[in-house]
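**Student:** For the sequence shown, the working numbering begins at -16 and goes up steadily by one.
Yeah, the Cβ is synthetic: ideal placement off N, Cα and C, and Gly gets one too.
Input: one structure, supplied below.
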Amino acid sequence: MKGTVIHHEHRIGFIVIRDEKGEFAIAELIGSCDVERGDVVSGNIHTSGGAALFNETQEESMDVFIKEYGLSEQDAISLILRTH
């Protein structure tokens, strides 16, 4: 599944991805990745836990830990705000 990075929370290393259905996923970046708002990523974002996504815009693989998926935009924002 493809999605678009709509937010990169640098202070905690999280990204928010909007998928093709309009649902949102929160992923924690593992290691250093060059991810920007608007990047298109592909991979299994509808699973919890470790995953390898491919950043099609930057043409690189990135390891992430999917925290939540299938969220509304408001739920995704709330989760980010609650994370320190």
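Nearest CA to the CA of Gly14: which residue from Met45, Leu36, Val(-1) and Phe37?
**Tutor:** Start at 1 with the first residue of the sequence shown, and residue 14 comes out as number 31. Ranking the options by Cα distance to Gly14, first place goes to Met45.
**Student:** Let me know the beta strand (DSSP E) ranges lying completely inside the region -14 to 53, each 3 residues or longer, listed in chain order.
**Tutor:** -3 to 2, 7 to 13, 23 to 25 and 32 to 38
**Student:** What whole-angstrom Cβ distance do Gly(-4) and Ile28 have, given they're in contact under 8 Å?
**Tutor:** Here residue -4 is taken as the residue at index 13 of the sequence shown, counted from 1. Here residue 28 is taken as the residue at index 45 of the sequence shown, counted from 1. Between Ile28 and Gly(-4) the Cβ distance is about 17 Å, and since that is not below 8 Å, they are no contact.
**Student:** Roughly how many whole angstroms lie between the Cα atoms of Leu12 and Lys4?
**Tutor:** The residue you call residue 12 lines up with position 29 of the sequence shown. The residue you call residue 4 lines up with position 21 of the sequence shown. Going from the Cα of Leu12 to the Cα of Lys4 covers about 22 Å.
**Student:** At the level of alpha carbons, what is the spacing between Leu54 and Glu42?
**Tutor:** For this step, residue 54 is matched to residue 71 along the sequence shown. For this step, residue 42 is matched to residue 59 along the sequence shown. Whole-angstrom Cα-Cα distance: 26 Å.
**Student:** Would you mind reading off the limits of the alpha helix (DSSP H) that contains Ser61?
**Tutor:** The residue given as residue 61 occupies position 78 in the sequence shown. Note, Ser61: alpha helix (DSSP H), Glu56 to Arg65.
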